[in-house]
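>
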Amino acid sequence: METIVEPGAMQAWADATRAAGLRVALVPTMGALHAGHVALVAEARRRAERVVVSIFVNPIQFDRRDDFERYPRTLEDDEARCTAAGVDVVFAPSAGAMYPEGFKAAVEVAHLTAPLCGRGRPGHFRGVTTVVTKLFHCVRPDVAVFGEKDWQQLAVIRRMTADLDFGIEIVGVPTIREADGVALSSRNRRLGPADREAARCLPRALGAAAQLVAAGEARAGAVLARVEAEIGGEPRAKLEYAALCDPDTLEDVTDVKAPALLALAVWVGGVRLIDNRLLVPGRINR
11 METIVEPGAM
21 QAWADATRAA
31 GLRVALVPTM
41 GALHAGHVAL
51 VAEARRRAER
61 VVVSIFVNPI
71 QFDRRDDFER
81 YPRTLEDDEA
91 RCTAAGVDVV
101 FAPSAGAMYP
111 EGFKAAVEVA
121 HLTAPLCGRG
131 RPGHFRGVTT
141 VVTKLFHCVR
151 PDVAVFGEKD
161 WQQLAVIRRM
171 TADLDFGIEI
181 VGVPTIREAD
191 GVALSSRNRR
201 LGPADREAAR
211 CLPRALGAAA
221 QLVAAGEARA
231 GAVLARVEAE
241 IGGEPRAKLE
251 YAALCDPDTL
261 EDVTDVKAPA
271 LLALAVWVGG
281 VRLIDNRLLV
291 PGRINR
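Right, dumping it as structure tokens:
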């Protein structure tokens with residue numbers, strides 16, 4: 011495995027690899043890798059002969075400076091994990107390399123970025139789509155792999171990729187969870203023991219909602235009330251939003267007559283956690 015830090019060198023590697031007739035898969039990350047990222051790498055390996063993992067804490071997608079500064083940075087550990095997972099290249103550029111002096115461009119997707127996390131994080135998705143566009147140009151992948159835990163991000167990237175004719179296959183991988191149901195996230199490292207215990211309220215709320223819908227409850231208001239009660243029962247947790255929406259358009263639904271996405275953002279001990287689950291009428295969908 012090799013580590014590349016310059017965009018130009020990354021492009022040269024990508025061009026040579028594609029010229030050799032090899033498919034390239036990209037797994038974009040911000041580092042602090044965990045088993046969820048390893049699952050993304052495994053999916054990438056199934057779809058391409060060469061796998062690139064980008065590690066870049068993207069400053070323009072953070073709406074709070076303190077959140078950016080506190081985001082875990084563990085490059086040496088990440089490189090070791092990538093080596094063990096069979097990654098071919100780690101692309102770890104600096105902020106200066108990605109956004110040199112005078113950089114003014116931005117890529118933005120309308121509508122899909124407005125609800126859910128877009129309400130409370132202005133500019134976040136503009137930062138995401140801008141950096142992913144740059145990564146696509148640097149790595150030139152045939153396929154890019156993302157986690158479904160960030161469902162809205164995945165929907166936005168799919169829309170951007172289609173609208174801008176990138177010709178890249180976008181693949182979503184189901185959320186990887188701890189034994190107690192908590193979704194794996196790099197942010198979990200910032201949770202103390204009591205807050206980590208409190209974080210169980212997220213999968214608990216999602217599970218309660220799934221049971222309710224499986225039992226025949228179709229009213230969105232009733233489902234969301236159950237979710238709010240579950241989160242509200244945990245004193246260390248503060249609900250930012252709970253929404254029931256169409257999985258593709260992310261528009262709110264008033265009833266669950268077809269599969270609907272239940273999405274949550276919850277603050278636990280000063281750490282913002284997100285999670286989601288697809289609710290299917292009449293059955294439990296995991």
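Last residue of the sequence shown: 296 in the working numbering, with the numbers rising by one and none dropped.
All C-beta atoms, glycine included, are put in the ideal place defined by N, C-alpha and C.
All values reported here derive from a predicted model rather than from experimental measurement.
#1: Thinking PRO125 and GLU16 are a contact (beta carbons under 8 Å), I'd like their distance in whole angstroms, please.
#2: Tell me the DSSP secondary structure of ASN68 in three-state form.
#3: Quick one: complete alpha helix (DSSP H) runs, 4+ long, within the stretch 60-126?
#4: Using DSSP bridges, identify the partner residues of THR13.
#5: Is the number of C-beta pairs between the stretch 267-276 and the stretch 140-149 that are closer than 8 Å three or more?
#6: From ALA219 to VAL278, what does the alpha carbon distance come to, in whole angstroms?
#7: Suppose contacts are defined by Cβ-Cβ distances below 8 Å. Is TRP23 in contact with VAL99 by that definition?
#8: Which first and last residues belong to the alpha helix (DSSP H) in which GLY137 is found?
#9: If we call anything under 8 Å between Cβ atoms a contact, is ILE65 one with LEU85?
#10: To the nearest angstrom, how far is the alpha carbon of VAL153 from that of MET108?
#11: Exposed or buried, what is HIS121 when buried is set at 16 or more other beta-carbons lying within 10 Å of its beta-carbon?
#12: I think LEU50 touches VAL183, with their Cβ atoms under 8 Å apart; what is that distance to the nearest whole Å?
#13: Candidates LEU174, PRO203, LEU194 and PHE72: which alpha carbon is nearest ASP285's?
#14: Could you give the distance in angstroms between the alpha-carbon of VAL92 and the alpha-carbon of ILE180?
#15: Restricting to Cα atoms, I'd like to know which of GLY242, ILE241 and ARG287 is closest to ALA255.
#16: Looking at the strands, I want to know which residues DSSP matches up with TRP277.
#17: Please state the DSSP three-state secondary structure of VAL290.
#18: In the DSSP assignment, the alpha helix (DSSP H) including ARG46 goes from what residue to what residue?
#19: Comparing alpha-carbon positions, which option in GLY133, LEU212, ASP258 and ALA224 lies nearest GLY242?
#20: Here's the rule: buried if 16 or more other CB atoms are within 10 angstroms of the residue's CB, otherwise exposed. What is ALA189?
#21: Can you say whether ASN68 is buried or exposed, counting buried as having 16 or more other CB atoms within 10 angstroms of its CB?
#22: Which runs of the alpha helix (DSSP H) fall wholly inside the stretch 195-263 and span at least 4 residues, in chain order?
#23: So, at 6 Å on beta carbons, what are the nonlocal neighbours of ASP88 in its own chain, with the 5 sequence-adjacent residues on each side left out?
#24: Quick one: Cα of LEU249 to Cα of ARG28, how far?
Put simply:
#1: Numbered from its first residue, the sequence shown carries residue 125 at position 115. Numbered from its first residue, the sequence shown carries residue 16 at position 6. Going by Cβ atoms, the distance from PRO125 to GLU16 rounds to 37 Å, so no, they are not a contact pair.
#2: Within the sequence shown, numbered from 1, the residue matching residue 68 stands at position 58. Correct three-state label for ASN68: coil.
#3: 75-80, 85-95 and 105-108
#4: Taking the sequence shown and counting its residues from 1, the one referred to as residue 13 is at position 3. VAL100.
#5: no
#6: Locating residue 219 in the sequence shown gives position 209, where the first residue counts as 1. Locating residue 278 in the sequence shown gives position 268, where the first residue counts as 1. One C-alpha to the other measures close to 20 Å.
#7: On the sequence shown, residue 23 is found 13 positions in, with the first residue counted as 1. On the sequence shown, residue 99 is found 89 positions in, with the first residue counted as 1. In contact: TRP23 and VAL99 (Cβ atoms closer than 8 Å).
#8: Residue 137 sits at position 127 when you count from the first residue of the sequence shown. 134-149 is the span of the alpha helix (DSSP H), which, as asked, contains GLY137.
#9: As a first step, residue 65 is located in the sequence shown; it is residue number 55 there, counting from the start. As a first step, residue 85 is located in the sequence shown; it is residue number 75 there, counting from the start. The answer is yes: Cβ separation under 8 Å.
#10: Numbered from its first residue, the sequence shown carries residue 153 at position 143. Numbered from its first residue, the sequence shown carries residue 108 at position 98. So the two alpha carbons sit approximately 21 Å from each other.
#11: For the purposes of this step, residue 121 is identified with residue 111 of the sequence shown, where counting begins at 1. With fewer than 16 other Cβ atoms within 10 Å, it is exposed.
#12: Indexing the sequence shown from 1 puts residue 50 at position 40. Indexing the sequence shown from 1 puts residue 183 at position 173. Yes, LEU50 and VAL183 are in contact; Cβ-Cβ is about 5 Å, under 8 Å.
#13: Here the question's residue 285 lines up with position 275 in the sequence shown. Taking only the C-alpha atoms, the option nearest ASP285 is LEU194.
#14: Against the sequence shown, residue 92 aligns to sequence position 82. Against the sequence shown, residue 180 aligns to sequence position 170. First, the residue type needs correcting, since residue 92 is Cys and not Val in the sequence shown. One C-alpha to the other measures close to 21 Å.
#15: Looking up residue 255 in the sequence shown gives position 245. According to the sequence displayed, residue 255 carries Cys and not Ala. Answer by Cα proximity: ARG287.
#16: The count along the sequence shown starts at 1 and reaches residue 277 at position 267. Its beta-bridge partners are LYS248 and ARG282.
#17: Counting from 1 along the sequence shown, the entry for residue 290 is found at position 280. Strand, per DSSP.
#18: To locate residue 46, count along the sequence shown from 1; it is residue 36. One detail in the question is off: residue 46 reads as Gly in this sequence, not Arg. 45-57 is the extent of the alpha helix (DSSP H) around GLY46.
#19: As a first step, residue 242 is located in the sequence shown; it is residue number 232 there, counting from the start. Of the candidates GLY133, LEU212, ASP258 and ALA224, the one whose C-alpha sits nearest the C-alpha of GLY242 is LEU212.
#20: Reading the sequence shown from its first residue, position 179 is the one you call residue 189. ALA189 comes out exposed.
#21: Counting from 1 along the sequence shown, the entry for residue 68 is found at position 58. With 16 or more Cβ atoms within 10 Å of its Cβ, ASN68 is classed as buried.
#22: 203-208, 211-224 and 230-242
#23: Position 78 of the sequence shown holds residue 88. Result list for ASP88: GLY41, LEU43 and ILE65, in chain order.
#24: Translated into positions along the sequence shown, residue 249 becomes position 239. Translated into positions along the sequence shown, residue 28 becomes position 18. Cα to Cα, the separation comes out at about 46 Å.
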